[in-house]
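Asker: My questions all concern the structure below.
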Amino acid sequence: MRKVGSAASGLSVLGIETSCDDTGVAVMSFDGRLQASLLSSQIRDHAAFGGVVPELASRKHQEAMLPMLRAAFSDAGITEPRREIGLVAVTTGPGLMGSLLVGVMTAKGLAQAWGCPIVGVNHIEGHIFANQVAHKGLVPPFLCLVVSGGHTEVILVRNWGDYSMVGRTRDDAAGECYDKVARILGLPYPGGPEVDRLASQGDPEAFDLPVPMSGTSGVEFSFSGLKTAVLWAVSGMRREGREIPVADVCASFQKAAVSSLLGKVCLASKITGVGRICLSGGVSANSALRTAFRSRFGDDVFIPPAELCTDNAVMIAAAGLDRFRRDGASGIDITPDPSASLFDEKRSKTP
Ligand code: KG4
Ligand code: ZN
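Following the numbering used here, the numbering of the sequence shown begins with 1015 at its first residue and continues without gaps.
Below, the structure is given as structure tokens:
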């Protein structure tokens, strides 16, 4: 390896994120200054299919990658990446195999060509680090609710790189449930932002939907029953020929979903004795969720701006740099792992 950077080296880390349907490229200096961040969303490509089509996703990553790298270097004022990039950080999983492959193979090629170290980053660790990027003074321990299209997990962050699972969903992720409810209502994909927008115009008391897992004593989530309750309510009205009060359904669904997430994080806080809470993942862009957590936890809740909540490469660059400093580089033989777990990794612990 030719280059090993330090804060004083003037080198930068290149972050690459391609785990699902967003191509992200970011450049960050070794002292944490963000130099460039680009995101290419494939939402319009997948919308016609009502969800992410894996084969299409990997092709779109492939098309976007090289132009985005060039644009990111230009934005960052990097003219000689071979000299100026001291680390390549790339998401290795969890995610879609075909999507991860594009990022990982690109990162390996660049690291080989430039003779610089490469570090593989767990996507969930990336989401946790969105909070480090957004809140400079944030120090562990804290609980992080990672709530996205693929994950609903409460993670105890004892230290950066030292994680325990406190609780997770038994079935669907919260974002998946938002997307399915949107589909039931005939709203466009991805449904989360649309349900959020319509919910603000509806009556949250219009439908009495169950708050998932409210009766259990564990930190656990379940969203498939709530989705089914929405499906029954909507198909019942359709059968009777009634017009669907879409905004009211959205508001009532969102009330139950947010109440479940908030309730179980409160329980996790009580059980662990950790009062500082971070949110991350696409669903943490939700306006009702942000309001509910802010009013419950006040100054003890940390929520990244929406662009850091959803998938991005800035969080991957930050997590990769931290992991590199803790554990050194990954081997050039790293491979994507679609079902990678944060808790299998070195220095991570399960309770
Ligand atoms: O973190 P993310 O960009 O990708 C994954 O890793 O899954 O999260 C995407 C998910 C989608 O399910 C989307 O509907 C949801 O986040 N989402 C929202 C909102 N914005 C995005 N859900 C509820 N309210 C929102 N405002
Ligand atoms: Zn994500």
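Just so you know, even glycine gets a beta-carbon here, dropped at the ideal spot from N, CA and C.
Judging by CA-CA distance, which residue of Leu1048, Asp1186, Arg1172 is the nearest neighbour of Thr1166?
Answerer: Ranking Leu1048, Asp1186, Arg1172 by Cα distance to Thr1166 puts Asp1186 first.
Asker: Is Val1297 a contact residue of the ligand KG4, with contact defined as CB to any heavy atom under 7 Å?
Answerer: Checking the Cβ of Val1297 against the ligand KG4 gives yes.
Asker: Could you spell out the range, first to last residue, of the beta strand (DSSP E) harbouring Leu1366?
Answerer: As displayed, the chain neither begins before 1015 nor continues past 1365, which places residue 1366 out of reach and without an answer.
Asker: When the Cα atoms are used, what is the spatial distance from His1137 to Glu1098?
Answerer: Their Cα atoms are separated by approximately 25 Å.
Asker: Let me know the secondary structure DSSP gives Ile1030 once reduced to three states.
Answerer: Three-state DSSP puts Ile1030 in a strand.
Asker: Please report the distance separating the alpha-carbon of Thr1364 from that of Gly1175.
Answerer: Note on Thr1364: pLDDT 37, under 50, position unreliable in the model; no value is reported.
Asker: Excluding the 5 residues preceding and the 5 following Leu1276 in the sequence, name in chain order all residues of the same chain whose CB lies nearer than 7 Å to its CB.
Answerer: Excluding residues within five positions, the ones whose Cβ falls inside 7 Å are Ala1306, Phe1307, Arg1310.
Asker: Looking only at its chain, what residues have a beta carbon closer than 7 Å to the beta carbon of Asp1217, apart from the 5 residues adjacent to it on each side?
Answerer: So the qualifying residues of the chain are Asp1262, Ala1265.
Asker: Helix, strand or coil for Cys1280, going by three-state DSSP, please let me know.
Answerer: Helix at Cys1280.
Asker: Just the C-alpha distance for Val1027 and Gly1151, rounded to the nearest angstrom, thanks.
Answerer: One C-alpha to the other measures close to 21 Å.
Asker: Alpha carbon to alpha carbon, how far is Ile1346 from Lys1122? Give it in angstroms, no decimals.
Answerer: Straight-line Cα distance between these residues: approximately 6 Å.
Asker: Taking just the CA atoms, how far does Ala1085 sit from Asn1173?
Answerer: One C-alpha to the other measures close to 34 Å.
Asker: With respect to the beta strand (DSSP E) encompassing Ser1344, which residues constitute its N-terminal and C-terminal limits?
Answerer: Where Ser1344 is concerned, there is no enclosing beta strand (DSSP E), given that its DSSP letter is neither H nor E.
Asker: May I ask you to list the residues that DSSP assigns as paired with Ile1291?
Answerer: Bridge partners of Ile1291: Leu1157, Val1315.
Asker: Can you tell me which of Ile1285, Lys1194, Gln1268, Ala1125 puts its alpha carbon nearest to the alpha carbon of Val1168?
Answerer: Ranking the options by Cα distance to Val1168, first place goes to Ile1285.
Asker: Under DSSP, the beta strand (DSSP E) around Ala994 begins and ends at which residues?
Answerer: This structure gives no information on residue 994, because the portion of the chain shown stretches from 1015 to 1365.
Asker: How many angstroms separate the CA atom of Ser1353 from the CA atom of Gly1163?
Answerer: Answer to the nearest angstrom: the Cα atoms are 15 Å apart.
Asker: Does the distance between the C-beta of Asp1186 and the nearest non-hydrogen atom of the ligand ZN fall short of 7 Å?
Answerer: No, the beta carbon of Asp1186 sits no closer than 7 Å to any heavy atom of the ligand ZN.
Asker: For Ala1247 and Leu1124, what's the separation of their Cα atoms in angstroms?
Answerer: Going from the Cα of Ala1247 to the Cα of Leu1124 covers about 52 Å.
Asker: By Cβ distance, which residues of its chain are closer than 8 Å to Leu1157, with the 5 residues on each side in sequence left out?
Answerer: Here the set comprises Val1168, Ile1169, Leu1170, Val1171, Val1180, Val1279, Ala1282, Ser1283, Thr1286, Val1288, Arg1290, Ile1291, Cys1292.
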